[in-house]
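Peer 1:
Residue numbers (our numbering), protein chains in the order written: chain A, 1 to 617; chain B, 1 to 47.
If you want it as C-alpha cells, here you go:
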C-alpha cells in the first residue's frame, strides 16, 4: 500500500466515495466525493500530539468495537496516507467551538475545522472494481450465543485480538477477564453452506484461516488446547493440505460435527459445547475458555451502488458477475470494467492478488492500444422513425443508448458500449431500431422460409447464440436423437426475439413456437433475457385473449452444456405439436391476420402514409 | 415483497404455488417436469 501511495503515476484517493460514473469503455467519466478529513493530510506528520489531548473517546469501528479511539484518529496502523482525520460526529471542536485542543497543540497547523467535502472529476479508460466484502453477522444464530456470551468471538474479532497493530498488541486475551485462555474452540461454516439461515455457498477462506489461526496459537501459546468443530475441511490450495496436516500433528483436535447448543458457565464464563461427533456417532460435551465462530463472507451491503453505476449484474448470491466463468473470469459484462478480489466471489489473498494482476493487465490492454475493436453487431437508430420514447434507453443492459425526452431528440447509440443483444430493437414500439446482421427483415425471411412448405409440421425455435444454440450444437455433436420437426432461428440473445417475430410465425401457420435462451445467471448480455420472459408472459395473455392456446408458445432456458435438456425439449415440442389441430391453426392465422391489419392501419395513420404502402413494406 | 402465487406449467399442466416477487423477473421451473414455461395464474375479477 505504501508503494501505491508513493508511486508517481498512481493517484490514491482515500476516505473518498465514488458518486457517479458515466461513459463507456475507454471514455469513463468519474465523479468522486473526497470527504473532509479536517486535517491537512499533506502537512500532517502523524506525530500524535492531537490525539493525546483529544478529550473525546468513541468506539473504534476499525477494531470492530473491541477498542476505543479518539475523535481525532488514524483509522488503522497501516493507513495510507499516514495522516490523522477528525470524526466530526463526535468532535467537540466545531459547532460551536467548545474544545479546539488539537488545533492548539498542532505545530504544523494542520487542523482545519472549516474543511469541506470536495468533488473531484476525472476521465479514465478502464475501471477495476475491487470493493471487497463483508462478513456474516452471526447474531441471529442464537445457538452460538454471539452477543450474549462475552467469550464468543467472530474470526474477524479474533484477528483483531491477535494482530500486532491492534488493541491487545498481539497478546491474545479473552474479553471477559482479559486473561490468556487455556483452551479455544473454533466452529466452522458459520453462515456458510446454510440454505435456510445463512448463505448457500462455501466462503472459500474460512477453513484455511482457522488452520492458520491454530498454527499461530500453538506456536505462540504451546499450552493452549485448540479444538476445531467442522463439517469438512476444504484445504484445496497449494500447500494447504500440508498446513492442515501440520495443524493436526501439533495437537489441534479436529472434531467432525457442528455444536447444536452452547452454554456459559456462570462462574468461570467458560463455554460448554454440545456436539454430535459424526465420526464416533456420540454426543459429546466440550468445555472451552474462548470460542471463535468462523464466519462466512457476504457481498458488501452497498454493492448495488457500484452495480448500478457500471450497469453490472450480480449472481444470485449478490457477488458481481463475470462476463464468462471460464473464458473471461476477470471481465465484467460491461466493456472496460474488470473485477478483482472478493467483489467477484470469496477468495483468499493469493487468488485476490492473482485476479487483481490479471485485471490490471486487462485494463492495460485497453489503455495501451488506444483503440478498441467494437462489436460488428450493434443497433442503429432510424432517427426519422424515433419518437424519443426512451424505452430503448430503459431496456439497454449496458446503458448504451442515450435519449432526451424533454428535448425530443432521437435516441443515440454509443456503439462502443453496445454489445448487440437486440433487446432495444425488440422493445421499440416504432420499429425505429435495426440490428446489424440480425435485422427484422432477415429474421422475418427465415420465419417465412421455414414455414413456406408444410408449416403445420414445423416447430419454430428461437435460440440465443451463446447458450441454447450452443446446447443444440452439443446435442448434435453428442449424437442425441430428437424429432426433426424443429426449425432453429439463431438470435444473439433471447431478448432480441420480438413479439412480432413470434406472431409472424403463428400467422404463417406454425403450430408451436419456442423461445429459448440462457439461464438467468448466465445471460451474456447482463439481464437481456429477462425481457424475453416478460414478452412471452405478455404474449401468453394476449394469445389467450384472442382464443389461442397459450401453451403453443413455450419458453425454455437451456445452457450450452444442456444438450440432454435441448433434446428433451425438442421431443416435448413435437408431442405438443401433435396436439395442435388444423382447425386451431386456421383460427390462429385468421385472428392474428386481423390483428396485424389493425396494427398496420394504426402504423399508417401514425406515419401518415397509405395503409397499402405500409403493408407492402 | 415476495408473496405466494398460483402458477401453471404450460408444458405438463401441473398447477402449483410458489413465492414470487411481483414485477421482478425470476427464473421459474415447474417442480414436476422442470419446464420453464411457467405462467402466473391471475385471479378473476373481484365481485
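Each residue gets a CB set at the ideal place from its N, CA and C atoms; glycine is no exception.
In angstroms, rounded to a whole number, what distance separates the CA positions of residue 466 of chain A and residue 414 of chain A?
Peer 2: Taking the straight line joining both Cα atoms gives about 23 Å.
Peer 1: Do you know offhand how far residue 549 of chain A's Cα is from residue 503 of chain A's?
Peer 2: Roughly 13 Å between the two C-alpha positions.
Peer 1: Chain B beta carbons: is any one of them nearer than 7 Å to that of residue 466 of chain A?
Peer 2: Judged by the 7 Å Cβ criterion, residue 466 of chain A is not in contact with chain B.
Peer 1: Could you work out which residues of chain A lie near residue 25 of chain B, taking near to mean beta carbons separated by less than 7 Å?
Peer 2: Those are 530, 533 and 534, listed as they occur along chain A.
Peer 1: Bridge partners of residue 328 of chain A, per DSSP?
Peer 2: Answer is A/324.
Peer 1: Between the alpha carbons of residue 172 of chain A and residue 533 of chain A, how many angstroms are there, rounded?
Peer 2: Computed Cα separation, rounded: 56 Å.
Peer 1: Using a C-beta to C-beta distance shorter than 7 Å, which residues of chain B count as neighbours of residue 566 of chain A?
Peer 2: In chain order: nothing, as chain B lies at least about 13 Å away.
Peer 1: Here's the rule: buried if 16 or more other CB atoms are within 10 angstroms of the residue's CB, otherwise exposed. What is residue 393 of chain A?
Peer 2: Buried.
Peer 1: Give me the subset of the stretch 504-524 of chain A whose CB atoms are less than 7 Å from a CB atom of chain B, sorted by chain position.
Peer 2: Per Cβ criterion, the list reads 519 and 520.
Peer 1: Can you list, in chain order, the residues of its chain whose CB lies under 6 Å from that of residue 241 of chain A, leaving out five sequence neighbours each side?
Peer 2: These residues qualify, in order along the chain: 235.
Peer 1: Using a Cβ-Cβ distance under 7 Å, would residue 307 of chain A count as near chain B?
Peer 2: No, no contact with chain B.
Peer 1: Using only alpha-carbon positions, find the residue among A/567, A/213 and A/294 that is nearest to residue 480 of chain A.
Peer 2: Here the closest residue by C-alpha is A/567.
Peer 1: Using only the alpha-carbon positions, how far apart do residue 5 of chain A and residue 82 of chain A sit?
Peer 2: Residue 5 of chain A and residue 82 of chain A: Cα-Cα distance of roughly 10 Å.
Peer 1: When you compare only the Cα positions, how much space is there between residue 404 of chain A and residue 391 of chain A?
Peer 2: C-alpha separation (whole angstroms): 11 Å.
Peer 1: Anything in the stretch 539-556 of chain A with a Cβ closer than 7 Å to a Cβ of chain B? List those residues in chain order, please.
Peer 2: Listed by position along the chain: 540, 550, 551, 554, 555 and 556.
Peer 1: Buried or exposed: which applies to residue 45 of chain A, given that a residue is buried once 16 or more other Cβ atoms fall within 10 Å of its Cβ?
Peer 2: Residue 45 of chain A is exposed by the Cβ-count criterion.
Peer 1: Quick one: grab the DSSP three-state call for residue 212 of chain A.
Peer 2: Helix, per DSSP.
Peer 1: Pick from A/593, A/31 and A/84: whose alpha carbon is nearest that of residue 310 of chain A?
Peer 2: For residue 310 of chain A, the nearest C-alpha among the options comes from A/31.
Peer 1: Just how far apart, CA to CA, sit residue 438 of chain A and residue 446 of chain A?
Peer 2: About 11 Å.
Peer 1: Could you check which residue in A/141, A/34, A/193 and A/189 has the C-alpha nearest to that of residue 206 of chain A?
Peer 2: Nearest of A/141, A/34, A/193 and A/189 to residue 206 of chain A, Cα basis: A/189.
Peer 1: Compare the C-alpha of residue 271 of chain A against each of A/482, A/290, A/253 and A/278 and name the closest.
Peer 2: Of the candidates A/482, A/290, A/253 and A/278, the one whose C-alpha sits nearest the C-alpha of residue 271 of chain A is A/290.
Peer 1: In the structure shown, what three-state DSSP assignment does residue 86 of chain A receive?
Peer 2: Looking at residue 86 of chain A - three-state DSSP - the assignment turns out to be strand.
Peer 1: Along chain B, which residues have their Cβ under 8 Å away from the Cβ of residue 537 of chain A?
Peer 2: Chain B residues near residue 537 of chain A: 39 and 40.
Peer 1: In angstroms with no decimal places, state the Cα-to-Cα distance between residue 356 of chain A and residue 62 of chain A.
Peer 2: If I take the Cα positions, the gap works out to 24 Å.
Peer 1: Can you say whether residue 501 of chain A is buried or exposed, counting buried as having 16 or more other CB atoms within 10 angstroms of its CB?
Peer 2: Residue 501 of chain A should be labelled buried.
Peer 1: Is DSSP giving residue 12 of chain B helix, strand or coil here?
Peer 2: Residue state, collapsed to three classes: coil.
Peer 1: Tell me, to the nearest whole angstrom, how far the beta carbon of residue 29 of chain A is from that of residue 123 of chain A; I am working on the premise that it is less than 8 Å.
Peer 2: With 8 Å as the limit, residue 29 of chain A and residue 123 of chain A qualify as a contact, their Cβ atoms being about 6 Å apart.
Peer 1: Does any C-beta atom of chain A lie closer than 7 Å to the C-beta of residue 17 of chain B?
Peer 2: No, residue 17 of chain B lies away from the interface with chain A (no Cβ there is under 7 Å from its Cβ).
Peer 1: Can you give me the C-alpha to C-alpha distance between residue 486 of chain A and residue 1 of chain B, rounded to a whole angstrom?
Peer 2: Approximately 40 Å between the Cα atoms of the pair.
Peer 1: Which term fits residue 492 of chain A, buried or exposed, when burial requires 16 or more other beta carbons within 10 angstroms of its beta carbon?
Peer 2: Buried, since its Cβ has 16 or more Cβ neighbours within 10 Å.
Peer 1: So, are the CB atoms of residue 468 of chain A and residue 377 of chain A less than 7 Å apart?
Peer 2: Against a cut-off of 7 Å, the Cβ pair of residue 377 of chain A and residue 468 of chain A comes out as no contact.
Peer 1: Under 7 Å Cβ-Cβ, which residues of chain B neighbour residue 572 of chain A?
Peer 2: The contacting residues are 11.
Peer 1: In the structure shown, what three-state DSSP assignment does residue 503 of chain A receive?
Peer 2: In the structure shown, residue 503 of chain A sits in a helix (DSSP, three-state: H, G or I).
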